[in-house]
Structures are given as structure tokens and as C-alpha cells.
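Chemist: First the structure, which I've put down as C-alpha cells, then a few questions once you've had a look.
There are 2 protein chains.
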Amino acid sequence: MKVVSTSKSHGGVQGVYSHASEVCACDMTFAVFVPPQAKDRPLPVLWYLSGLTCTHANVMDKGEYRRLASELGLVIVCPDTSPRGPDVPDEMDNWQFGCGAGFYLDATEQPYAKNYRMYSYITEELPALLATNFPVDMSRQGIFGHSMGGHGALTIVLKNPERYRSCSAFAPIVQPSTAGWSRPAFEKYLGSDEKAWRAYDTTLLIEDGKRFPEFLVDQGSADGFLQDGLRPWLLEEACEKGGIDLTLRMQEGYDHSYSFISTFMDDHLRWHAARLG
Amino acid sequence: MKVVSTSKSHGGVQGVYSHASEVCACDMTFAVFVPPQAKDRPLPVLWYLSGLTCTHANVMDKGEYRRLASELGLVIVCPDTSPRGPDVPDEMDNWQFGCGAGFYLDATEQPYAKNYRMYSYITEELPALLATNFPVDMSRQGIFGHSMGGHGALTIVLKNPERYRSCSAFAPIVQPSTAGWSRPAFEKYLGSDEKAWRAYDTTLLIEDGKRFPEFLVDQGSADGFLQDGLRPWLLEEACEKGGIDLTLRMQEGYDHSYSFISTFMDDHLRWHAARLG
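Heads up: the protein sequence lines correspond to chains B and E, in order. For the first sequence, the working numbering assigns the number 83 to the initial residue and increments by one for each residue that follows. For the second sequence, the working numbering assigns the number 83 to the initial residue and increments by one for each residue that follows.
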């Protein structure tokens with residue numbers, strides 16, 4: 083693991099790190115914020131998964147999580163959203179597929195299967211690296227994310243409910259297998275047999291019996307992707323049928339940007355801290 | 083005035099606007115955050131002047147001012163740091179002069195005198211535009227800034243003490259006429275007669291009898307520009323001689339970045355709010 087940069091912030095340290103990922107077969111970059119309490123004890127970990135087009139840097143720059151994470155004693159981990167590099171296949175002009183659009187799944191189709199393995203990266207390789215190199219208590223993990231990253235957080239906890247104590251999302255993609263901006267990516271990563279897609283679709287995972295106790299979801303009413311891409315009512319239906327305790331809050335006038343995310347960041351951090359002990 | 087973008091944030095509106103500036107003879111862009119209290123009454127205005135290489139966007143993205151500005155009811159105005167555009171003379175490879183490096187002065191030398199008039203822009207043209215277009219109480223103005231913008235804030239209040247009720251700075255350039263990164267710019271903007279430079283140098287303005295009641299200044303101890311560019315002890319000496327109440331806080335381990343600025347943003351907003359009523 084290489085240190086790209088560190089900077090003191092709100093009493094803690096905001097760092098950026100890189101490492102040669104075996105899972106993604108390329109160098110990967112991620113950000114970790116370690117609050118001041120880490121001097122005294124291992125701390126709970128909160129994973130933030132970012133949306134389409136983002137790297138680790140967007141939420142680090144604009145998410146406004148450090149002040150309260152320092153107060154609450156949370157380590158915040160912000161991974162990249164896809165493999166990257168000269169040897170990683172990509173569609174340069176397509177922001178909904180390839181670099182910046184890993185969709186937190188393990189691709190099975192060529193030529194993507196070698197690198198696009200973000201599900202295994204986020205759930206296996208990066209946690210192991212984190213446990214070795216940072217003052218973290220891996221028995222206390224929470225996860226949240228935005229848009230494609232909200233999709234990532236929801237699907238990951240549904241498949242690993244024993245691993246995470248808390249999950250929330252900002253404007254998540256709740257049914258990627260039918261949304262216009264994710265369906266073509268699913269076909270390219272996972273093939274044309276839609277049965278394989280169910281393992282990476284929140285509403286279908288719930289339909290197939292996967293469960294997590296509770297979700298907090300915030301959604302802006304002025305979000306341009308609300309009607310076609312996000313459709314939180316599909317999550318509401320699925321959670322109602324599945325007996326999952328969903329707190330869905332429609333936030334009047336908010337859009338899909340970091341203006342929205344940063345406004346409700348404090349609420350989400352408190353939600354997770356209350357469950358991470 | 084054109085609306086470039088608006089986004090709801092922390093209950094208020096973060097907007098970006100542009101206009102044809104007569105003073106700078108080019109189009110200028112600026113950001114304004116209007117908190118929710120503006121529905122009920124005109125609000126005090128706090129100007130934030132940015133540092134070298136920045137536009138209006140850096141502090142808007144990374145400064146973390148909206149949460150508390152919404153609570154305190156402060157309008158936050160973030161201008162650009164220089165004139166820009168195809169007709170504005172610049173030195174493309176020099177980050178310490180030209181675009182992004184206006185130094186909040188009115189240039190007198192050719193070919194810069196036509197556009198590089200940031201002092202008049204910040205103290206005359208933009209306030210007039212603001213008063214006409216936003217719900218502001220211009221009898222209650224404060225000003226702060228970072229690095230070159232800290233220099234801007236300090237020099238502007240010293241020359242207009244009746245106009246501003248409060249002033250603070252993050253890591254300000256306090257004696258630009260002798261610092262390596264500003265001296266060449268002063269010569270190009272103002273000519274070789276150093277007498278003319280005194281009007282834009284905080285320590286020399288104080289030496290020449292200009293006064294403002296009090297300053298709050300934060301400075302990171304791990305700031306790479308501390309010894310050569312910033313030298314807060316020169317401000318300390320000047321304020322002591324001039325009887326100006328300076329609160330200078332050395333902040334252990336902090337660098338020159340927005341990690342530092344955002345950490346102490348809350349303290350500065352409260353400092354200004356207490357003085358703006």
C-alpha cells in the first residue's frame with residue numbers, strides 16, 4: 083500500500099492510498115479518514131460507495147463528512163467506483179459503463195471479467211487491506227452510498243447481512259436491471275441471461291428472500307433521475323413485502339448533487355454511529 | 083446578471099452567477115449562498131476571497147460553509163480571483179501572476195490596467211450588483227479569505243474600515259511586497275516604484291496609519307508556505323505597533339489546503355456572525 087497524500091482535517095487525518103489490486107488486476111486508489119479517537123482504540127468503519135463518474139475524491143472533497151466523523155469517532159472509507167488504467171477495457175464516451183461505472187458487481191463476460199470485480203474488491207480485498215493497515219474494528223462495519231453507490235451498499239448488505247450493522251443510501255438505484263442507465267451495463271458485464279442480474283439488484287434480491295433489518299434512504303424531490311433511474315417507490319414496495327424496516331425520506335427541492343448529499347450527511351453519520359456502537 | 087446554476091443545500095440555495103463586468107472589462111463569475119432566513123428579512127453578507135489558482139468554485143466545493151451559514155443566517159459571497167477570458171493578458175505557465183492571481187489590487191501598468199482591477203471589482207462593482215439582486219443588508223458586511231484572499235480581506239478592510247464590521251483570514255499573505263511569490267506580480271501590476279505597492283500590503287498599510295479594530299487569523303504549523311510566503315509574525319508585529327487587536331492562532335499540524343480551511347470554517351463564521359448582528 084502506498085500513501086498518495088495525507089492532510090490533517092478536523093483533528094484527524096484524511097489520507098489517499100493506492101495499492102496493486104489482485105482482484106481488479108490494476109492499481110486501485112482509495113481514501114480513508116481516521117478521526118482523532120484512533121489514538122486510543124480501534125474504531126468502527128463506515129464505507130461510502132460513490133456514484134457514476136466518481137472516483138474516491140468526489141465525496142472526500144464535497145461530502146462534508148469529516149467534522150461529524152471526528153466527533154463520532156468513525157473511520158470513513160471511500161473506494162473508487164471501478165478499476166482503471168491503460169490495460170482496463172473501457173468505453174471512453176460512455177459514462178454509464180466501464181471506468182467510473184463498475185456497479186459494484188463481479189463481471190462474468192469478456193473482456194470485462196478480468197478487471198471489473200468491484201463486488202469482491204469492496205467485500206473482500208479492500209476490507210483485508212484496511213484491517214491490516216488502519217486502526218479499525220472490523221466487527222463494527224456500516225455502509226452507505228449515493229446513486230450507483232447506494233445500489234452497491236444495499237445489494238452488498240442484503241448478501242452479507244452478518245457483516246454489516248448498518249446501511250443507508252442517498253438517492254440509490256434500487257432496480258438497476260430495469261433502469262435505462264444501468265440495464266445495458268448489466269448486459270455487458272453479466273451477459274444476456276437476466277437471471278444472473280438478480281444477484282445485483284436490490285428489489286430482486288429482496289424478492290429472492292435476502293434480508294437486512296433496516297435501511298435509511300434520502301431522496302431529493304428535484305432529482306432529475308428520480309422518475310426513470312431511481313424510482314424509490316420500487317424499494318418501498320419490496321421492503322413492505324419483505325418486512326424490511328425502510329425509512330424513506332423525500333427531501334423537497336433537493337437535486338442529485340453533493341449539495342443534497344452534504345446536507346443530509348450528518349443525519350446518515352448519526353444513523354450509522356447509533357448502530358455501530 | 084445570468085444564473086449559471088442553482089442547487090438547494092442545507093435549506094438554502096447555492097447559486098453561481100455571471101455578468102459582464104465593466105470594471106474588469108470581461109465576463110466575471112461568482113458564487114452566492116443564500117440561507118433560508120432570506121425569506122423573512124435581508125441578511126448580513128460575508129465575503130470570502132480565495133487564494134492563488136482558485137476560482138469561485140474551490141471554496142464552494144470544499145469550504146464546508148453552508149451548514150453553519152444556514153444556521154447563522156449569513157449570505158456567503160465567493161468571487162473569482164482575477165479577470166479571465168481570451169482577451170485578458172495572462173502568463174499561462176505562471177500560477178503566481180495573471181489569471182487566478184489578481185491579488186485584489188487595481189493594476190496601473192500596461193497591458194494589465196484594463197482588466198486587472200480586482201480591488202474596485204470587490205469593493206465597488208460586485209457589492210452594487212449584490213445589493214440589487216440578492217436579499218442582503220449591505221450595512222452588515224464582513225470579509226474573510228485564504229492566503230492571497232486573506233491578503234485581500236485584510237487590505238480591503240484597512241482601507242475601508244467603515245464599510246466592514248468584521249475581518250478574518252486563513253493563512254494570509256501579510257507582506258506581499260517582500261514575499262517571493264507576490265513581489266514579481268506587484269512589480270508587473272503596479273510598476274517598479276515600490277511606494278505604490280504600500281496601498282496593497284497589510285503590514286505597510288498599518289505602518290502608514292490604516293486601522294481596523296480586530297482580526298482573527300488561523301495559520302497551520304505544517305503549511306509549506308509559512309516561512310517564506312506567509313510569515314504571520316510580521317502581522318503580529320504590525321498589529322502590536324498599531325494597537326490592532328489580533329487573535330493569531332497557530333494550528334498544530336495543519337497544512338495550506340481546504341482540509342485546514344474547512345476545519346476552522348465554523349469558528350470563522352461564528353466570529354463574523356457575532357459582529358454582524
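Yeah, the Cβ is synthetic: ideal placement off N, Cα and C, and Gly gets one too. This one's a predicted model, so the numbers in the text were calculated from it and none came from an experiment.
1) Can you confirm whether E:Ser341, when its beta carbon is compared against all beta carbons of chain B, has any partner nearer than 7 Å?
2) Can you look up B:Phe268 in the DSSP assignment and give me helix, strand or coil?
3) Using a beta-carbon distance cut-off of less than 7 Å, what residues from the segment 101-113 of chain E approach chain B?
4) Could you pull out every residue in the same chain whose Cβ sits closer than 6 Å to the Cβ of E:Trp368, ignoring the five residues on either side in sequence?
5) Which of helix, strand or coil does DSSP assign to E:Ala253?
6) Can you find a CB in chain E that lies within less than 7 Å of the CB of B:Glu153?
7) What's the C-alpha gap between B:Ser229 and E:Asp175?
8) Please report the Cβ distance between B:Phe294 and B:Val239, rounded to the nearest whole angstrom; I am assuming they are in contact, meaning their Cβ atoms lie under 8 Å.
9) Using the beta-carbon of each residue, which ones in chain B are nearer than 8 Å to E:Lys144?
10) What residue range is occupied by the uninterrupted beta strand (DSSP E) comprising B:Met332?
11) Show which residues of chain E have a CB atom less than 9 Å away from the CB atom of B:Asp337.
12) Would you kindly check if the distance between the Cβ of B:Ser248 and the Cβ of B:His350 is under 7 Å?
13) Please report the Cβ distance between E:Phe268 and E:Trp279, rounded to the nearest whole angstrom; I am assuming they are in contact, meaning their Cβ atoms lie under 8 Å.
14) Roughly how many angstroms lie between the CA atoms of E:Ile255 and E:Asp290, to the nearest whole one?
15) Within the same chain, show all residues whose beta-carbon is closer than 6 Å to that of B:Ala235, passing over the 5 residues directly before and after it, in chain order.
16) At which residues does the alpha helix (DSSP H) containing E:Glu322 begin and terminate?
17) For B:Thr345, which residues in chain E fall below 7 Å Cβ to Cβ?
18) List the endpoints of the continuous alpha helix (DSSP H) containing B:His354.
19) Between E:Gln309 and chain B, is any beta-carbon pair separated by less than 7 Å?
20) With a threshold of 8 Å, are at least 3 pairs of Cβ atoms found where one atom belongs to the segment 325-336 of chain B and the other to the segment 297-314 of chain B?
21) For a cutoff of 7 Å on Cβ pairs, would you count B:Gln301 as touching chain E?
22) Taking Cβ-Cβ distances shorter than 9 Å, what residues in chain B pair up with E:Gln96?
23) So does the segment 258-266 of chain E actually touch the segment 202-215 of chain E, counting three or more Cβ pairs closer than 8 Å?
24) Give the secondary structure of E:Gln309 by DSSP, where H, G and I count as helix, E and B as strand, and everything else as coil.
25) Confirm, please, whether the CB-CB distance from E:Gly167 to E:Cys106 is below 7 Å.
26) Let me check understanding here. Comparing Cα to Cα, which of E:Ala139, E:Val127 and E:Asp348 lies closest to E:Val86?
27) Determine the extent of the beta strand (DSSP E) in which B:Thr65 is found, giving its start and end residues.
Modeler: According to the structure shown:
1) yes
2) helix
3) none
4) Residue 368 of chain E is absent from the structure shown; chain E starts at 83 and stops at 359.
5) coil
6) no
7) 38 Å
8) 5 Å
9) Asp143 and Lys144
10) Asp327 to Gln333
11) Ser89 and Lys90
12) no
13) 5 Å
14) 18 Å
15) Leu131, Ile225, Phe226, Gly227, Cys249 and Ala251
16) Pro314 to Gly324
17) Ser91 and His92
18) Tyr340 to Leu358
19) no
20) yes
21) no
22) Ser341
23) no
24) helix
25) no
26) E:Ala139
27) Residue 65 of chain B is absent from the model: chain B starts at 83 and stops at 359.
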